[in-house]
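Right, one structure below, let's go through it.
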Amino acid sequence: MIVGNVGLDSSARFAFQSHAHTDHFVSGEIIFATRPTKFLSHLRKGGFYREVRFGRRFYLGDFKARLYPAGHMLGSAGIKLWLDNGTVFYTGDTKWFRLRTAEKSRFPRADVLIIEATFGVPSFTFPSPREAEKRLVAFVEEALDRGKRPVLYVNQTGKAQEVMKILDVHGYTVKVPREALKVARVYSKFGVSFDNVSPDGDVVLRSHRSPRVENSLSPWELTVSGFGDLKLSNHADFWELMRIVEKVDPERVFTVYGFAREFARILRGLGYDARPLSRDSALRSADI
Ligand SMILES: [Zn+2]
Numbered sequence: 001m002i003v004g005n006v007g008l009d010s011s012a013r014f015a016f017q018s019h020a021h022t023d024h025f026v027s028g029e030i031i032f033a034t035r036p037t038k039f040l041s042h043l044r045k046g047g048f049y050r051e052v053r054f055g056r057r058f059y060l061g062d063f064k065a066r067l068y069p070a071g072h073m074l075g076s077a078g079i080k081l082w083l084d085n086g087t088v089f090y091t092g093d094t095k096w097f098r099l100r101t102a103e104k105s106r107f108p109r110a111d112v113l114i115i116e117a118t119f120g121v122p123s124f125t126f127p128s129p130r131e132a133e134k135r136l137v138a139f140v141e142e143a144l145d146r147g148k149r150p151v152l153y154v155n156q157t158g159k160a161q162e163v164m165k166i167l168d169v170h171g172y173t174v175k176v177p178r179e180a181l182k183v184a185r186v187y188s189k190f191g192v193s194f195d196n197v198s199p200d201g202d203v204v205l206r207s208h209r210s211p212r213v214e215n216s217l218s219p220w221e222l223t224v225s226g227f228g229d230l231k232l233s234n235h236a237d238f239w240e241l242m243r244i245v246e247k248v249d250p251e252r253v254f255t256v257y258g259f260a261r262e263f264a265r266i267l268r269g270l271g272y273d274a275r276p277l278s279r280d281s282a283l284r285s286a287d288i
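For the sequence shown, the numbering used here gives the first residue as 1, with consecutive numbering after it.
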């Protein structure tokens, strides 16, 4: 989105990039992001990044701004902007519950909320991360007890490191694809370290994009995703999104990504002034 003259996960002369997933990559004369987001993005792309710390006021184009941890992956951030006629908070991709490898999310009050809606319908109700972790560990134990090597399909940036950390905490070694290992090395620079990587690991991680080698009926393979078999998600589910809306307590809501139209409709039914936005929408200051 473009708000005034700045980009929020959109390319612009002054652009804010919320986190290091490729679908949020932007270009611009100056890209504002956290230090982990800059380092992780530089594994895949160039660009001049200005590092911003959580909680510190800075200017993004014409607007005063401040970043808040979004809880989606290491370094992920939401941003609050101070416009002439009110405040705007954009969540980026976000998570209410705390993950092991991301900063605990925080949500400020704002007059206008722009919220992701990847899982913005009530059928997306996930177990808490602690509950999902128990199921993951039970799955791994069961496979190993039967002499099978469990295979987990994961997004290599963010989810892979969360799963690696869970396995580390529970004493399992893991074989990791190259891309996920590069990302894990950056995580380690920021204090999230892994002591369980091994080429003959108890558990095998594979990219969620790679085809399942055994057929999909193999009971020892799992896709770890909000859309997959084991719903350990680094996105807010529907109920987490509702808690975020209540916490920000906005006068107007714009929904983006995923089920944006459906989520806006549900919010309108609850009395909110809510509308969907597309990712290339432009909002003028006067629209806020
Ligand atoms: Zn993301």
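The beta carbon of each residue, even a glycine, is placed where N, CA and C say it ideally should be.
Next on the checklist: Looking at ligand 1, does it come within less than 8 angstroms of Met73, judged from the CB to the closest heavy atom?
Outcome noted: In this structure, ligand 1 has a non-hydrogen atom nearer than 8 angstroms to the beta-carbon of Met73.
Item to check | Uninterrupted alpha helix (DSSP H) stretches inside the stretch 86–150 (no shorter than 4 residues) | outcome: As far as the stretch 86–150 is concerned, its whole alpha helix (DSSP H) runs of at least 4 residues are 129–145.
Item to check | Straight-line Cα distance separating Leu222 from Glu240 | outcome: One alpha carbon belongs to Glu240, the other to Leu222, and they sit about 24 angstroms apart.
Next on the checklist: Can you confirm whether Asp200, when its beta carbon is compared against all beta carbons of chain B, has any partner nearer than 9 angstroms?
Outcome noted: This model lacks chain B altogether; it includes just one protein chain.
Checklist entry - First and last residue of the alpha helix (DSSP H) that includes Glu51? => result No alpha helix (DSSP H) holds Glu51; the beta strand (DSSP E) holding it covers Tyr49 to Glu51.
Checklist entry - With respect to 8 angstroms, is the separation between the Cβ of Ser278 and the closest non-hydrogen atom of ligand 1 below this value? => result For ligand 1, not one heavy atom lies less than 8 angstroms from the Cβ of Ser278.
Next on the checklist: My assumption, with CB atoms under 8 angstroms, is that Ala88 sits in contact with Ile244. Please give the rounded CB distance.
Outcome noted: The sequence as given places Val at residue 88; Ala does not occur at that position. 15 angstroms between Cβ atoms; not a contact.
Checklist entry - Whole-angstrom Cβ separation of Leu270 and Val256, contact assumed at under 8 angstroms? => result 18 angstroms between Cβ atoms; not a contact.
Next on the checklist: Which residue marks the beginning of the beta strand (DSSP E) containing Ser193, and which one marks its end?
Outcome noted: Boundaries cannot be given for Ser193, as no beta strand (DSSP E) includes it and DSSP labels it neither H nor E.
Next on the checklist: I'd like to confirm something about Asp237: is its beta-carbon nearer than 8 angstroms to some heavy atom of ligand 1, or not?
Outcome noted: No - ligand 1 has no heavy atom lying nearer than 8 angstroms to the Cβ of Asp237.
Checklist entry - Distance, Cα to Cα, Glu51 vs Val204? => result Going by the C-alpha atoms only, they are around 35 angstroms apart.
Checklist entry - Would you call Thr101 buried or exposed, if buried means 16 or more other Cβ atoms sit within 10 Å of its Cβ? => result The residue in question, Thr101, is buried, as its Cβ has 16 or more Cβ neighbours within 10 Å.
Checklist entry - Can you tell me the Cα-Cα spacing of Asp93 and Val26, whole angstroms? => result Going from the Cα of Asp93 to the Cα of Val26 covers about 15 angstroms.
Next on the checklist: With DSSP as the reference, identify every bridge partner of Asp273, one or two as the case may be.
Outcome noted: Per DSSP, Arg252.
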